[in-house]
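Everything in the sequence shown is counted per our numbering, starting at 52 for the first residue and increasing by one. The beta-carbon is built from N, C-alpha and C at its ideal position, and this holds for glycine as well. Treat the numbers as computed from the prediction; the structure is a model and nothing was measured. Inspection log for the structure reproduced underneath, given as structure tokens.
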Amino acid sequence: MTTDHHNELIQLGINPSLKWIESTHKFPNVIFCAPPSRTPDYADNIRLAASSWNGEGCILFTSSSAPYDCSDNGPCDEDTPVVPIGRVPRIDVLLKAENVILEFGDRGAHNYYLEKGIVDSRPDHILNLIHYEDAASLSVAILKKKFRGQIFLGCDNHPLSRQEMMDLVNKSGKFSKKFDKFTGTNDHLGKRLNNTRTRGEVGWEPKYPSFAHFLESI
């Protein structure tokens, strides 16, 4: 994109860079919040940003409400239909960009690994998982309790190694592809999270109590 606002970011203590577009680094969380006005190929820029996501966290695209098919001052919510592609060129740019994100969005770490087939990460690294719906419901439960000055932990309490997760995926029969192997040996190990205290204090339980239960549900 551009360096137009880099000085402002530096003043905020952020180290901006355009070098990521040339690197092979992957990140657990990616957010794309640049407008389409400064690039000739918005969807391609978003595809480039999305390719830097490793599937382990979240990818977020901030867009506009323009694609919603409502232009009469009427009510509009998340379920309002969008303008069909081809009707408004300006909105087509946003819709095509959104489709790029949606292609990547149905991932999670298991889908990322499945797509790669062979991953240069160590198989015994422990992952702590939580479904997007459960992360959202936990957040809402915390907000409703109006806690102050506390720290909470979100996870399903069933940590898995990367290898264990992909073994479950391969055995599930729910995917057309098969994962091959992890080849890494030198990257760091993970941790085993337990959020029993959070569950008790918040009064929350996950809809998907484990990755295995999630696989059974799809």
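Buried or exposed for residue i, going by 16 or more other Cβ atoms inside 10 Å?
i	result
residue 155	buried
residue 191	exposed
residue 239	exposed
residue 181	buried
residue 142	buried
residue 123	exposed
residue 76	exposed
residue 54	exposed
residue 187	exposed
residue 164	buried
residue 183	exposed
residue 270	Absent from the structure is residue 270, since the part of the chain shown begins at 52 and ends at 269.
residue 80	exposed
residue 246	buried
residue 269	exposed
Say the cut is 7 Å; is the CB of residue i nearer than that to a heavy atom of the ligand GTP?
i	result
residue 102	In the structure shown, the ligand GTP is absent, as is every other ligand, since no ligand is present at all.
May I ask which residues mark the beginning and end of the alpha helix (DSSP H) holding residue i?
i	result
residue 61	57-62
residue 97	93-101
residue 262	262-268
residue 256	No alpha helix (DSSP H) contains residue 256, which DSSP labels as neither H nor E.
Excluding the five sequence neighbours on either side, which residues of its own chain have a C-beta within less than 6 Å of the C-beta of residue i, listed in chain order?
i	result
residue 67	57, 60
residue 235	171, 172, 173
residue 243	177, 210
residue 205	181, 186, 189
residue 134	118, 120, 142
residue 111	82
I'd like the list of long-range same chain contacts for residue i, defined as Cβ closer than 7 Å, with 5 residues on each side in sequence excluded.
i	result
residue 84	113
residue 168	230, 231
residue 233	170, 172, 173, 174, 213, 214
residue 263	219
residue 147	94
residue 250	256
residue 151	94, 97, 98, 101
residue 201	none
residue 196	253
Give the range of the beta strand (DSSP E) segment to which residue i is assigned.
i	result
residue 105	104-112
Mapping the DSSP letters down to three states, classify residue i as helix, strand or coil.
i	result
residue 88	helix
residue 77	coil
residue 222	helix
Take residue i and list the residues in its own chain whose beta-carbon comes closer than 8 Å to its own, dropping the five residues that flank it on each side.
i	result
residue 131	119, 120, 121
residue 178	107, 160, 210, 211, 212, 213, 216, 241
residue 207	179, 180, 181, 182, 185, 257, 259, 260, 261, 262
residue 162	106
Legend entry - 4 or more residues per run - each alpha helix (DSSP H) lying fully within the stretch 124-210: Complete alpha helix (DSSP H) runs here, min 4: 140-156, 159-167, 183-196.
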